């Protein structure tokens, strides 16, 4: 009985202590619920045909019978949604090559199909013709699937077109089977073929899951350094150190920089270690532009100390800072492409990712370098956005920070 009373007393005491931190209790339930919700919506295309994971822009330059038949057959493929039109200033127009290429380069689509002008006329004249599958080489599995679908459609069309033309002028007494054989002999199954064309050049190495997971996890854990920066400032406040520092002949700016610089250096070191580990142990290609990679890494590392200062200026306690920071960082990571490619998620969530998260911009910059072998100029927009976010957070935090 004494043992039970002791256990009960200690347990009640600890529960009362936990109850003094309602933010922490809420965090236990809110974070996983939000992550589950965002993950479910983000990955819904993988599990729902209606979501149309494989959305394929269709650029029809032929406008003939073959183009219409290709579109009809592709429209019957489960899970494949054709995009034959797009909106320009509110006006619906046929999908064009420039828009298809733009969507692939932006990571919004894995590929696009182009039907060259004269395809129908070439087949009618008994000449071969070739369709073009524009693709993003960073996702070979999806483009291989699209290529297989295209081949199945074109082989069927080739055989049917040949058969129809030969049967239409078959010699008297020629059997149906002989006519079909003559069709294959005259035209063959290769009359309508598909060739692949990469819209985005990439490095010679094959894209692996590590190319996504190493930078994604690195960005998530870098952002968690926000907590370190914020707690450091709040504890200085709580201990009264900030008040004593104000009596010394030093500027407030130098005090803040002195507190935030170690966080920046630690975050920078963490990012570099994780990327080097990915390269040396997991075979992650770090691209061909060390300067571009350095710029992106330094821009990402600038966010945690700036966000930490802003958080310390806006919250009232360490418990609030922990709750708010973990909640926001987990949501940003789930929404912003740190845990899975943004190419997988619906357009609406992808737009929200660029509006509300740091991760989307950081991952775009790292993927430009690690996936596609791009250079300094290509990552300047992402670096600019990341630096702008850090400067804005730094300005707000400095303005609202309570020194006493």
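In our numbering, the protein residues as written are 2 to 405.
Yeah, the Cβ is synthetic: ideal placement off N, Cα and C, and Gly gets one too.
Just so it is clear, the structure is predicted and the values come from calculations on it, not from any experiment.
Subject >> Own chain partners of residue 87 with C-beta closer than 6 angstroms, once the 5 adjacent residues on each side are dropped >> reply: Against the chain shown, residue 87 aligns to sequence position 86. Taken in chain order, the residues that qualify are 96 and 100.
**OP:** Could you check if residue 90 is buried or exposed, using at least 16 other CB atoms within 10 Å of its CB as the buried criterion?
**Re:** Counting from 1 along the chain shown, the entry for residue 90 is found at position 89. When all chains shown are included, residue 90 counts as exposed.
Original post:
To the nearest whole angstrom, what separates the beta carbons of residue 85 and residue 116, a pair I think is in contact under 8 angstroms?
Top reply: Translated into the one-based positions of the chain shown, residue 85 becomes position 84. Translated into the one-based positions of the chain shown, residue 116 becomes position 115. Not really, about 11 angstroms apart at Cβ, beyond 8 angstroms.
Original post:
At which residues does the alpha helix (DSSP H) containing residue 379 begin and terminate?
Top reply: As a position in the chain shown, residue 379 is number 378, starting the count at 1. Start and end: 377-401.
**OP:** Kindly list the residues whose CB is nearer than 6 angstroms to the CB of residue 98, restricted to its own chain and excluding five residues on each side of it in sequence; keep chain order.
**Re:** Position 97 of the chain shown, counted from the first residue, corresponds to residue 98. Correct list, in chain order: 60.
Original post:
Secondary structure at residue 305, three-state DSSP: helix, strand or coil?
Top reply: One-based indexing of the chain shown puts residue 305 at position 304. In the structure shown, residue 305 sits in a helix (DSSP, three-state: H, G or I).
Original post:
Looking only at C-alpha atoms, which of 195, 336, 261 and 275 sits nearest to residue 129?
Top reply: Here the question's residue 129 lines up with position 128 in the chain shown. If we check each option's Cα against that of residue 129, 195 comes out closest.
**OP:** Inspect the CB distances between the segment 335-350 and the segment 312-319 and report whether three or more fall short of 8 angstroms.
**Re:** no
Subject >> Per-residue burial, residue 324 [other beta carbons within 10 Å of its own, 16 or more giving buried] >> reply: The count along the chain shown starts at 1 and reaches residue 324 at position 323. By the 10 Å Cβ count, residue 324 comes out buried.
Subject >> Pick from 13, 224 and 112 that is closest to residue 267, judged by C-alpha positions >> reply: For the purposes of this step, residue 267 is taken as residue 266 along the chain shown, with counting starting at 1. Nearest option by C-alpha distance: 224.
Original post:
residue 402 and residue 310: beta carbons closer than 8 angstroms?
Top reply: Here residue 402 corresponds to residue number 401 of the chain shown, with the count starting at 1. Here residue 310 corresponds to residue number 309 of the chain shown, with the count starting at 1. It is a contact, given that the beta carbons lie within the stated cut-off.
Subject >> Range of the contiguous beta strand (DSSP E) that encloses residue 287 >> reply: As a first step, residue 287 must be located in the chain shown, where it is residue number 286. Taken as a continuous stretch (DSSP letters only), residue 287 belongs to no beta strand (DSSP E), as it is neither H nor E.
Original post:
Is residue 308 near residue 394, with beta carbons less than 8 angstroms apart?
Top reply: Counted from its first residue, the chain shown places residue 308 at position 307. Counted from its first residue, the chain shown places residue 394 at position 393. A contact, by the Cβ cut-off of 8 angstroms.
Subject >> Pair within 8 angstroms by beta-carbon distance, residue 304 and residue 359 >> reply: In the chain shown, residue 304 corresponds to position 303, counting from 1. In the chain shown, residue 359 corresponds to position 358, counting from 1. Cβ distance < 8 angstroms, so residue 304 and residue 359 count as in contact.
Original post:
How big is the Cα-Cα spacing for residue 254 and residue 226?
Top reply: By 1-based counting over the chain shown, the position of residue 254 is 253. By 1-based counting over the chain shown, the position of residue 226 is 225. Whole-angstrom Cα-Cα distance: 21 angstroms.
**OP:** Report the three-state DSSP secondary structure of residue 364 (helix, strand or coil).
**Re:** To locate residue 364, count along the chain shown from 1; it is residue 363. Here residue 364 sits in helix by DSSP.
Subject >> Reduced DSSP category for residue 120 - H, G, I as helix; E, B as strand; rest coil >> reply: The residue you call residue 120 lines up with position 119 of the chain shown. Correct three-state label for residue 120: helix.
Subject >> Residue burial classification, residue 77 (beta-carbon count within 10 angstroms, cutoff 16) >> reply: Reading the chain shown from its first residue, position 76 is the one you call residue 77. Residue 77 is exposed by the Cβ-count criterion.
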